[in-house]
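Report on the structure given below.
Protein chains in written order, with the numbering used here: chain R, 1 to 88; chain F, 1001 to 1153.
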């Protein structure tokens, strides 16, 4: 005998799966990054690395003043969070 | 980008050689605790263009002219490509430190051409927006790329 799932139960299961999946796609409440934006993991976490690598200034105006004197461009990174901290 | 792109020695060298760098929190009212990712032993690598509503890399001349701006995460290769685009465009817009009279037209045309060439949807949209109007750092709206996440998604 072949047991057939009642179509109502199947629909409910699909709906539940959909809701669970969409909940997992929700943005992180703090950084608004969706899990599916994550590509791959591959390198050791190195929070100290960026602090040593690029010299950051706290204000664009200050950076512009230095850039003007040295004839360089200004690179300005707009972020959400604090670059000195390990937030987003 | 911090633990991947800005920790990359080559990126740091090129940025240091060609730019003076600054950062700004575009949503200072949003409270993000320090150590959000503490204990995470592996870096999370995002795809290029992700978090387009949160992140933007902006390249400008010291006179305030925005030369290039890219929303979202950029891996080292994409970042260096954007930086090189900005450097080359700046060299065309300025003769030494003097801004050419047609600098705005040169900038707009370069972005139009780049928008047509690139296959990256986020980058294409960014180029289109930059081709439309000359921007200055002082008047640059923090919301310039808000809504770009829809393009990425």
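Just so it is clear, CB atoms sit at the ideal spot from N, CA and C, and this is done for glycine as well. Remember, it's a predicted structure, so these values are computed and weren't measured experimentally.
{"Asked": "How big is the Cα-Cα spacing for residue 1101/F and residue 1031/F?", "Found": "44 angstroms"}
{"Asked": "Using a Cβ-Cβ distance cut-off of 9 angstroms, determine whether residue 1059/F contacts chain R.", "Found": "yes"}
{"Asked": "Suppose the cutoff is 6 angstroms on Cβ atoms and the five residues either side in sequence are ignored; what does the same chain contact list for residue 1070/F look like?", "Found": "1057, 1082 and 1126"}
{"Asked": "Measuring alpha carbon to alpha carbon, tell me which of 1068/F, 1060/F and 1074/F ends up nearest residue 1054/F.", "Found": "1074/F"}
{"Asked": "Exposed or buried, residue 1133/F, counting other C-beta atoms within 10 Å across all chains shown (16 or more means buried)?", "Found": "exposed"}
{"Asked": "Bridge partners of residue 1019/F, per DSSP?", "Found": "73/R"}
{"Asked": "Roughly how many angstroms lie between the CA atoms of residue 1094/F and residue 1019/F, to the nearest whole one?", "Found": "16 angstroms"}
{"Asked": "Answer with buried or exposed for residue 1062/F, where buried requires no fewer than 16 other C-beta atoms within 10 angstroms of its C-beta.", "Found": "buried"}
{"Asked": "Report the neighbours of residue 1026/F on chain R: residues whose CB is nearer than 9 angstroms to its CB, in chain order.", "Found": "78, 79 and 80"}
{"Asked": "For residue 1064/F, would you say it is in contact with chain R, using Cβ-to-Cβ distances shorter than 9 angstroms as the test?", "Found": "yes"}
{"Asked": "Ignore the nearest five residues each way along the sequence and tell me which others in residue 40/R's own chain have a CB closer than 8 angstroms to its CB.", "Found": "Bear in mind that the predicted position of residue 40/R carries a pLDDT of just 40, short of 50, making it unreliable; the figure below should be weighed with that in mind. Closer than 8 angstroms at Cβ, skipping near neighbours: no residue."}
{"Asked": "With a cut-off of 9 angstroms, does the C-beta of residue 1087/F fall near any C-beta of chain R?", "Found": "yes"}
{"Asked": "Straight-line CA distance for residue 1098/F to residue 1129/F?", "Found": "25 angstroms"}
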